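What follows is one structure encoded as structure tokens, with my remarks underneath.
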Amino acid sequence: MADVSITPRISCDNCGLTVDKHQEGSYTSKSFKKPRDWGSLKIEGSRSADSYGGKENLDFIDLCPRCATAALDAAASVLKTTRGEE
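Under our numbering, the first residue of the sequence shown carries the number 233, and numbering increases by one thereafter.
Below, the structure written as structure tokens:
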């Protein structure tokens with residue numbers, strides 16, 4: 233009988249891109265982690281926030297490299313403008 237290898241997948245919380253998680257360890261003690269170039273984002277505003285992910289709260293646990301870079305660039309740009317540097 234053949235061994236079946238099941239690799240868990242990870243999906244981007246923003247665009248939906250799905251890829252295989254990376255395997256670590258050996259056959260008997262393997263674990264899976266999200267790819268190293270994936271990111272996450274959690275921002276909590278000072279306004280009253282609901283716990284269901286309203287506009288006062290952004291919580292993306294898994295972001296593909298493209299979405300993580302876009303989120304970082306967008307936040308940096310707005311913060312720079314808020315400081316009056318542009």
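Beta carbons: idealized from backbone N, C-alpha and C, even for Gly. Here the structure is a predicted model, which is why all the values come from computation and not from measurement.
| Item | Value |
| --- | --- |
| What are the boundary residues of the alpha helix (DSSP H) that includes Leu290? | Taken as a continuous stretch (DSSP letters only), Leu290 belongs to no alpha helix (DSSP H), being part of the beta strand (DSSP E) at Asn289 to Leu295. |
| Taking Cβ to Cβ, would you say Asp252 is nearer than 9 Å to Phe292? | no |
| Express the C-alpha separation of Ser237 and Thr314 in angstroms, rounding to a whole number. | 50 Å |
| Tell me which residue opens and which closes the beta strand (DSSP E) that Val251 is part of. | Thr250 to Asp252 |
| Leaving aside the five residues before and after Phe264 along the sequence, list all residues of the same chain whose C-beta is less than 8 Å from its C-beta, in chain order. | Thr239, Pro240, Lys253, His254, Gln255 and Glu256 |
| Taking Cβ positions, are Leu295 and Ala303 nearer each other than 9 Å? | yes |
| Within the continuous beta strand (DSSP E) that includes Gly271, where are the two ends? | Gly271 to Glu276 |
| Applying the criterion that 16 or more other CB atoms from any shown protein chain within 10 Å of the CB defines a buried residue, is Cys299 buried or exposed? | buried |
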